[in-house]
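For reference, the structure is listed below as structure tokens.
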Amino acid sequence: MTETMTLTTGSSRRRKPFRWSRALGWIALGVAIAASILPFYWMLRTSLSANADLASGSGSLLPVGFNIGAYLRVFGLQSQADAMAQGGSGASIDFWLYMGNSIVFATITTACAVFFSSMAAYAFSRLRWRGRDKVFGLFLATVLVPGIFTALPNFLLVRNLGLLNTMAGLVLPYLFMTPFCIFFMRQFFLNMSREIEEAAMLDGAGPFRVFFRIVLPNAAAPLATLALLTFMGQWNEYFWPLLVGTDDSSRVLTVGLGVFKSQSPQGAPDWSGLMAASLVAALPMLIMFFVFGKRIVNSIGFSGTK
Amino acid sequence: MKSRLAGIAAVAVAALATVGLTSCSGSAGASTSGHVSYWLWDANQLPAYQACASDFHKANPKITVDITQIGWNDYWTKLTNGMAAGTAPDVFTDHLSYYPDFVKTNQLLPLDDLVTKDKIDMGQYNPGLADLWVGKDGKRYGLPKDWDTIALFYNKKMTRAAGISDQQMQNLTWNPADGGTYGKVIAHLTIDKNGKRGDEPGFDKNSVVTYGLGLDGSGAGNGQTEWSFLTGTTGWTATNKNPWGTTFHYGDPRFQQTIAWWAGLAQKGYMPKLATTVGASVADSFGAGKAAVNSNGDWMIGQYKSYKGVDVGIAPTPIGPDGKRSSMFNGLADSIWAGTKNKDDAQKWVAYLASPACQDVVAAHAVVFPAITEATAKAAAAFKAKGVDVSAFTTQVKDKTTFLFPITDNATKVSGIMQPAMDAVVSGQAPASSLTAANNQVNALFH
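These protein sequence lines map, in sequence, to chains V and W. Mapping to numbering that gives the first Met the number 0: the first sequence position 143 is 142, numbers consecutive. Mapping to numbering that gives the first Met the number 0: the second sequence position 96 is 95, numbers consecutive.
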């Protein structure tokens with residue numbers, strides 16, 4: 000809050016007369032920033048604390064009993080005895096394997112879902128046939144079906160296919176189209192001018208050539224945005240991987256981090272380990288945002304002025 | 000041109016599909032020959048059972064035991080899921096509130112043949128533990144591995160400051176009318192932000208700094224760590240018989256009076272409100288000095304002793320109206336999944352887990368009390384060597400003041416009815432008499 004106060008006085012000194020609306024704006028901005036940063040700071044602070052000290056030092060803003068044991072635990076670098084002495088579960092966690100599984104899972108599902116969805120969206124926006132909009136409406140309505148309803152039939156299907164505990168079983172339900180992706184891309188395609196496509200067709204390009212050579216390159220920005228959103232969603236996916244991927248070859252990071260939750264009824268979780276693991280698991284997302292975030296915003300701006 | 004592009008697209012799709020398929024050549028969960036998969040939930044016990052497994056492997060070089068530890072929160076969903084999927088472990092740690100449902104759905108292998116063949120002596124276990132695992136059909140579905148009772152963990156610094164001696168803590172009394180010395184101690188240990196104690200005039204129940212008694216939850220239908228040690232002293236039992244009762248007694252005035260007294264602590268400010276316990280650990284709150292006394296099970300000893308700067312005392316549960324203490328006596332066992340492809344090896348492992356050889360090893364690790372009577376004494380000695388006096392837990396068994404965990408069919412459904420009903424009472428939204436209606440609902444499940 001002190002930061003916002005100085006900012007407020009600073010701005011009022013430069014711009015006279017003092018404007019309450021501006022001050023309020025800064026305060027609101029400060030609160031919003033604090034509200035989004037503080038939880039991350041608290042995770043960092045807890046991850047660097049010792050479990051045994053956390054309860055007694057629960058009000059401390061700085062790490063209590065500073066140590067990096069939690070991070071050693073996350074990367075499986077701590078011996079079982081040390082881990083348990085520090086309040087960890089002592090269960091082994093193969094962090095890099097789970098990380099690899101997560102990357103494979105999220106990448107395959109994202110690539111397929113975005114690719115197939117954009118094809119479907121293109122068809123829904125360009126092809127004309129009787130009842131098209133009704134079918135699209137029906138498709139869209141499936142957004143309203145909560146995932147939990149399809150979990151059981153999907154699970155049985157995957158089981159009967161003998162794909163439990165395999166990466167194929169894990170990615171299968173996400174592989175084709177999702178209504179949200181189709182809706183997202185269709186909206187974009189509807190606003191895309193048809194003239195270029197028509198010109199290409201006059202030159203003899205078929206629908207596939209038009210789609211791959213003209214439509215997709217022009218849709219790079221929304222595709223990237225969609226891919227990023229999908230990837231983040233898939234990265235955080237928990238329930239389905241928990242059901243299907245139980246052994247090491249198909250356990251993703253979100254499920255693997257379960258070892259930091261409470262181990263016995265009434266037991267307390269390994270808080271510092273849990274926070275360290277969550278931070279480390281969130282890092283790839285943050286990096287992706289830093290790397291691609293600006294580019295996406297730029298390209299959205301670009302396509303707006305075309 | 001058109002066809003070439005279509006071809007490229009097709010290849011791209013096929014390539015993606017292959018990526019999906021090649022990256023998935025993982026193995027299924029079912030054990031291969033020579034391997035026995037074993038699941039447990041308590042990580043604290045993992046080293047002890049790993050030691051058992053390696054001893055077992057030395058004695059049976061052809062069999063390797065693969066232990067998987069899965070935290071309590073996910074254990075049962077994963078296990079049930081594994082049974083449905085055909086990927087459940089050969090052997091797993093089983094709990095009394097879950098095994099009746101497994102028996103009902105034919106998921107457990109009866110162990111009677113094993114017991115006869117290996118001449119396993121059921122008399123070597125603490126009395127009652129082995130009988131818990133005999134199903135309604137008369138068959139045995141688990142061999143006892145350990146047991147637990149309830150005691151009071153208290154913050155010695157707080158009791159000293161309140162002028163309460165350890166001697167007093169060891170000899171608390173309780174009754175549902177005025178709470179006895181147990182109630183007095185809880186009130187006296189409660190402190191508000193002005194330093195006023197719960198039994199002093201001017202105590203502000205809305206700004207409590209330290210609660211006399213911690214709260215884990217409403218305890219649903221069995222209140223194992225929350226209230227069962229109180230109701231057990233009133234002559235009340237949860238069901239008409241145990242195991243396999245078919246009528247519940249939540250409408251009984253003795254039960255409702257006890258719950259009314261206990262839930263009343265929250266209204267008086269001596270115990271946290273139920274809403275504040277969601278997502279919080281009762282032990283962590285104790286470690287943070289937010290509660291002076293916690294009733295909890297012996298599996299939590301390690302957790303309570305881990306808090307830095309907190310001097311923890313352990314006292315037995317209070318003596319109730321019947322002149323005795325009382326504690327629920329819960330025992331875990333190892334069961335074999337009926338779908339195991341490795342029955343012989345699984346049986347060998349279960350027999351080993353239930354033998355003195357393994358239970359003595361578990362005892363030496365001082366994390367739980369093994370089921371075998373002699374191993375229990377060894378565990379108590381191991382705890383003592385660690386500086387923990389566990390007599391508050393063992394005294395209940397020695398004095399035969401324990402009662403068994405209520406084993407019934409429909410345990411999950413009973414819990415589904417009793418959880419919200421008890422939550423409503425503990426949060427002050429409904430009187431204890433409302434539990435009569437819940438009781439009728441529960442009993443309707445059996446008729």
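We put the beta carbon where it would ideally sit given N, CA and C, even for glycine.
Identify, in the order they occur along the chain, each residue of the same chain with its Cβ nearer than 8 Å to the Cβ of residue i, setting aside the five sequence neighbours on each side.
i: W:D251; result: W235
i: W:R196; result: A161, A186, H187, L188, T189, I190 and F202
i: W:P430; result: A259 and V424
i: W:Y74; result: W38 and W40
i: W:S432; result: Q255
Distance, Cα to Cα, residue i vs residue j?
i: W:W226; j: W:F368; result: 22 Å
i: W:R253; j: W:G268; result: 23 Å
i: W:G25; j: W:S414; result: Residue placement at W:G25 is poorly supported in this model, since its pLDDT is 32, which falls under 50; the coordinates are not used for a value here.
i: W:M157; j: W:L151; result: 14 Å
i: W:V139; j: V:N235; result: For clarity, residue 139 of chain W is Arg in the given sequence; the question names Val instead. Answer to the nearest angstrom: the Cα atoms are 43 Å apart.
i: W:K155; j: W:F285; result: 12 Å
i: V:M184; j: V:A198; result: 22 Å
i: V:F104; j: W:L108; result: 37 Å
i: W:C23; j: V:D93; result: Confidence at W:C23 is low in this model, with a pLDDT of 33, below 50, so the placement of that residue should be treated as unreliable; the coordinate-derived value is given next. One C-alpha to the other measures close to 18 Å.
i: W:A376; j: W:K397; result: 11 Å
i: V:F175; j: V:Y121; result: 15 Å
i: W:Q44; j: W:L131; result: 22 Å
i: W:Y97; j: V:I26; result: 54 Å
i: V:Q233; j: V:W239; result: 10 Å
i: W:Y181; j: W:W261; result: 11 Å
i: W:S164; j: W:T339; result: 54 Å
i: V:L227; j: V:S59; result: 36 Å
i: W:V311; j: V:G56; result: 17 Å
i: W:A443; j: W:G70; result: 33 Å
i: V:W95; j: V:F74; result: 8 Å
i: W:V207; j: W:K192; result: 6 Å
Skipping 5 residues on each side, what residues in its chain have a beta carbon closer than 6 Å to that of residue i?
i: V:F135; result: F123
i: W:T400; result: K323, R324 and S325
With a CB to CB cut of under 7 Å and the five nearest residues on each side skipped, what residues in its chain are close to residue i?
i: V:F179; result: V142
i: W:A350; result: L113, D117 and I119
i: W:G64; result: Looking at the sequence shown, residue 64 of chain W is not Gly but Val. Taken in chain order, the residues that qualify are V35, Y37, A52, F55, H56 and W348.
i: V:M231; result: M284
i: W:N341; result: S30, S32, V35 and D89
i: W:Q106; result: M82, W336 and A337
i: W:D359; result: A374 and K377
Assuming contact is defined by CB atoms lying nearer than 9 Å, are residue i and residue j in contact in what I supplied?
i: V:N66; j: V:A49; result: yes
i: W:L171; j: W:A290; result: no
i: V:G24; j: V:G272; result: no
i: W:T238; j: W:T246; result: yes
i: V:V63; j: V:D52; result: yes
i: W:S334; j: W:D100; result: no
i: V:V209; j: V:F188; result: no
i: V:L278; j: V:L43; result: yes
i: W:I300; j: W:F382; result: yes
i: W:P242; j: W:T407; result: yes
i: W:G220; j: W:Q440; result: no
i: V:T253; j: V:T108; result: no
i: W:A380; j: W:V361; result: no
i: W:V102; j: W:K135; result: yes
i: W:A370; j: W:A353; result: yes
i: V:G168; j: V:G244; result: yes
i: W:A279; j: W:S426; result: no
So, under 8 Å CB-CB, residue i and residue j are touching, yes? Tell me the CB distance rounded to an integer number of Å.
i: W:A345; j: W:V90; result: 5 Å
i: W:W173; j: W:P317; result: 4 Å
i: W:P320; j: W:T435; result: Contact doesn't hold; Cβ gap of about 21 Å is too wide.
i: W:V281; j: W:L214; result: 7 Å
i: W:F402; j: W:G244; result: With a Cβ gap of about 12 Å, W:F402 and W:G244 do not count as contacting.
i: V:A275; j: V:S46; result: 4 Å
i: W:F449; j: W:T148; result: An answer regarding residue 449 of chain W cannot be provided, because it is not within the stretch 0 to 446 covered by chain W.
i: W:V366; j: W:A50; result: With 8 Å as the limit, W:V366 and W:A50 do not qualify as a contact, their Cβ atoms being about 12 Å apart.
i: W:T394; j: W:Y124; result: Not a contact, Cβ separation roughly 19 Å.
i: W:G288; j: W:T209; result: 6 Å
Three CB pairs or more closer than 8 Å across the region 74-92 of chain W and the region 109-119 of chain V: no
Assess contact between the region 176-194 of chain V and the region 253-273 of chain V, defined as three or more Cβ pairs (one per stretch) separated by less than 8 Å. Is contact present? In short, these stretches do not touch, since the Cβ pair count stays below three.
Three Cβ pairs or more, each shorter than 8 Å: is that satisfied between the region 126-133 of chain V and the region 148-161 of chain V? no
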